[in-house]
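Peer 1: Quick one: the structure is below, and I'll ask about it shortly.
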Amino acid sequence: MGIEWSEYKFELVTLVKLGWPMSVSVLLYALMYPATLAFCGAVSIEALDIASLAISVFQLVVVPIENGLRWSCLTFLSQALGSSKKKRAGVIVQRSITAAVCMWIVSCGLAVNCAKLLVLIGQDAEIAIGSQTFITILMPGCLCVLIYRVQMAYMDCLQRVFPTLFMHLVSLLVCLGLEALFVFQLGLGVNGAALGLCFSLCLLPVMMTSYIVISKVHKNTWHGWSMRCFLQWGEYYYNLFPSIANQLVFVSSTEIGTFVAGYLGKAELAAQGIIFQLFIITMQPCIGASSAAITRIGRYLGAANYVKGKRVFKVNLALLGFIGLIEALLMLALKDVIPKIFSADEETTEVFRQVIYFVIPYVFVVASAWGHIAALRGCNFHKTCMFVALVSLWFVGHPIGLSLTFAVGIGMLGLWSGYLIASVAWSVLGLVITLRLDWTGVSKKVSGSAERETDVEGFITHDETRRELLGCYLVV
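Position one of the sequence shown corresponds to residue 46 (the working numbering), numbered consecutively onward.
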């Protein structure tokens, strides 16, 4: 019993050590976007509208792709590093970078046509054109951040989390400095803010690549560029696309809430904005702990050690439940202070005070649910995660919430009743699926998949390259 408790304690300490730098890193990255909005707001209301709309489109199109890439990479890389063929991780990194470039090309197509799409859905033409220019300037940064997400997942799986934290801090400071220079000193306005943000995003993969090359952390896991990255795309995309779709479900859920709040009134929209920023902050510890748990579970399953993988799941579930409880208690204690930090409007504050009693249990339930979602991702069940989110949000929560909002007429209380019901459904459904997992079968499948590629540690010969490329063409 003493040995088992010490192993639980070891996993808890490891999750905390890996999780908090990951949480801070994600938070620092997320702060670049509201900082950009603040600079644009200092220029004019029109500049703020342009930047807000552009960043909303960016978060709707690009953020799901970058997050989906990271989650799927964490799964594949951790499983590869847990197997006996650790240099397969390098092939996965190359495969992911190739996928990132393909996704970026699709994003560029949307960027050059977003003004027409925005006008079609009722946006002001001048604001829509300005937003398209903003997004077009941002597209090089989009490519860089997609590549960086792959590198970040690679470093997380190697448990090198502090360099990532430092790079995000540097990028944020550079973003603030450049936007101050371009917007105020050079008078470039909203386009200057876009340039500053773009340069900051481009800086991230440059710093990460430099660190990897100089420190040689890739030496034992990446032998060199290989043609193998063009193989096994079916298995890769089978997990990548559901991971991206899962993020789209959440982003679209947030956007529908913002749209409904804006329809209800200005005070409701402002209160929804405050709640959204609060939710982003409270979710950072959950994202960090879940990322750490995915890397641990994936490593153990890749090594066919399902007992330790299941232990990580239990520890992470308890840890995230504790984090969610602390966050809920803090929000309850500060419910009268939080709205005054963001707004002095009394009507907005009153709406916030009414809704906060639905937001508090929502935050607790969602934080707790991250525990079993991390386990499903670590087991390569991204499709299951997407199914759970889709059913909970769009087939359970939102139909009830929108009915209460408009048909019953209780406004924001109805909207957040729907969110709370969706979070409970998400948590219960995901927990039931996770508790019924056949960890032995999953471990055999994952370890077998991780060991399937042969001789990845060596370079591919010319004849082997021809055979594998022929196989790749046949698959396509």
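C-beta atoms are modelled at their ideal positions from N, C-alpha and C, and glycine is treated no differently. Please read all numbers here as calculations on a predicted model, not as lab measurements.
Mind the definition here: the stretch 479–493 touches the stretch 344–352 only if three or more C-beta pairs lie below 8 Å; say whether that holds.
Peer 2: By the Cβ test, the stretch 479–493 is in contact with the stretch 344–352, since at least three Cβ pairs between them sit closer than 8 Å.
Peer 1: Considering only the beta carbon of each residue, do Ser68 and Ile332 sit closer than 9 Å?
Peer 2: yes
Peer 1: Just the Cα atoms here: how many angstroms apart are Val107 and Ser141?
Peer 2: 15 Å
Peer 1: Quick one: what does DSSP say Cys424 is sitting in, helix, strand or coil?
Peer 2: coil
Peer 1: Under 8 Å by Cβ, that's how I've got Ala80 and Cys220 pegged, so tell me the actual separation to the nearest angstrom.
Peer 2: 6 Å
Peer 1: In this structure, does DSSP put Lys261 in helix, strand or coil?
Peer 2: coil
Peer 1: Would you call the stretch 193–201 and the stretch 110–118 in contact, with 3 or more CB pairs under 8 Å?
Peer 2: yes
Peer 1: Could you check what DSSP says for Pro330 in three-state terms: helix, strand or coil?
Peer 2: Helix.
Peer 1: Looking only at its own chain, which residues have a Cβ that is under 7 Å from the Cβ of Tyr78, when we skip the five neighbours before and after it?
Peer 2: Hits under 7 Å: Ile100.
Peer 1: Does the separation of the CB atoms of Asn284 and His417 fall below 9 Å?
Peer 2: Contact flag unset, no.
Peer 1: Output the distance between the C-alpha atoms of His263 and Gly167, rounded to the nearest integer angstrom.
Peer 2: 49 Å
Peer 1: Are the beta-carbon atoms of Ile401 and Ile383 separated by less than 9 Å?
Peer 2: Contact flag set, yes.
Peer 1: Just verifying my parser: in three-state terms, what is the DSSP assignment at Trp415?
Peer 2: Here Trp415 sits in helix by DSSP.
Peer 1: Give the single residue among Thr485, Ser468, Phe179, Ser70 whose Cα lies nearest to the Cα of Thr209.
Peer 2: Nearest to Thr209 by C-alpha distance, out of Thr485, Ser468, Phe179, Ser70, is Ser70.
Peer 1: Can you give the beta carbon distance from Val228 to Gly222, rounded, assuming they're within the 8 Å contact cut?
Peer 2: 11 Å between Cβ atoms; not a contact.
Peer 1: Please report how far the alpha carbon of Val242 lies from the alpha carbon of Leu119, in whole angstroms.
Peer 2: The residue you asked about is not Val; residue 242 is Leu in the sequence shown. Their Cα atoms are separated by approximately 26 Å.
Peer 1: If you measure from the CB of Ser472, is any heavy atom of the ligand HEM nearer than 8 Å?
Peer 2: Ligands are entirely absent from the displayed structure, and the ligand HEM is therefore not among its contents.
Peer 1: Within 10 angstroms of the Cβ of Arg341, are there 16 or more other Cβ atoms? Answer buried if so, exposed if not.
Peer 2: buried
Peer 1: When the Cα atoms are used, what is the spatial distance from His213 to Ile339?
Peer 2: The straight-line gap from Cα to Cα measures roughly 21 Å.
Peer 1: Using DSSP with H/G/I as helix, E/B as strand and the rest coil, what is Gln230?
Peer 2: helix
Peer 1: Once you ignore the five residues that flank Ile289 on each side, which residues in its own chain have a CB closer than 7 Å to its CB?
Peer 2: Excluding sequence positions up to five before and after Ile289, its CB lies within less than 7 Å of the CB of Pro109, Ile110, Gly113, all in the same chain and listed in chain order.
Peer 1: Can you tell me which of the three DSSP states Thr394 falls into?
Peer 2: helix
Peer 1: Can you give the Cα-Cα distance for Leu370 and Asp390, rounded to whole angstroms?
Peer 2: 29 Å
Peer 1: What whole-angstrom Cβ distance do Gly343 and Ser123 have, given they're in contact under 8 Å?
Peer 2: About 3 Å separates the CB atoms of Gly343 and Ser123; that is less than 8 Å, so the two are in contact.
Peer 1: What's the call for Ile259, buried or exposed, on a 16-neighbour Cβ count within 10 Å?
Peer 2: With fewer than 16 Cβ atoms within 10 Å of its Cβ, Ile259 is classed as exposed.
Peer 1: Please state whether the Cβ-Cβ distance between Thr303 and Gln317 is less than 9 Å.
Peer 2: yes
Peer 1: Can you find the residues in the same chain that come closer than 8 Å, C-beta to C-beta, to Gly459, ignoring five residues on each side of it along the sequence?
Peer 2: Gly446, Leu447, Ser448, Leu449, Thr450, Phe451, Val453
Peer 1: Would you mind listing the alpha helix (DSSP H) stretches within the stretch 257–321 that are 4+ residues and don't spill past its ends, in chain order?
Peer 2: The stretch 257–321 contains, as complete alpha helix (DSSP H) runs of 4+ residues, the segments 278–309 (chain order).
Peer 1: Considering only the alpha carbon of each residue, which of Ala312, Gly232, Met184, Gly127 lies closest to Gln399?
Peer 2: Ala312
Peer 1: Quick test of the definition: if touching needs 3 or more C-beta pairs under 8 Å, does the stretch 176–196 touch the stretch 145–152?
Peer 2: yes
Peer 1: Run through the stretch 76–130 for me and flag every whole alpha helix (DSSP H) of 4 or more residues, listed as ranges in chain order.
Peer 2: Annotation: the stretch 76–130 contains the following complete segments of the alpha helix (DSSP H) (minimum length 4 residues), in chain order: 90–127.
Peer 1: By the DSSP assignment, the alpha helix (DSSP H) with Gln177 in it spans what residues?
Peer 2: In the DSSP assignment, Gln177 falls within the unbroken alpha helix (DSSP H) covering 170–202.
Peer 1: Where does the unbroken alpha helix (DSSP H) through Phe367 begin, and where does it stop?
Peer 2: Start and end: 351–378.
Peer 1: According to DSSP, is Ala348 helix, strand or coil?
Peer 2: coil
Peer 1: Arg140 by DSSP, collapsed to three states: which one?
Peer 2: helix
Peer 1: In or out: Thr394 buried (at least 16 other Cβ within 10 Å) or exposed?
Peer 2: buried
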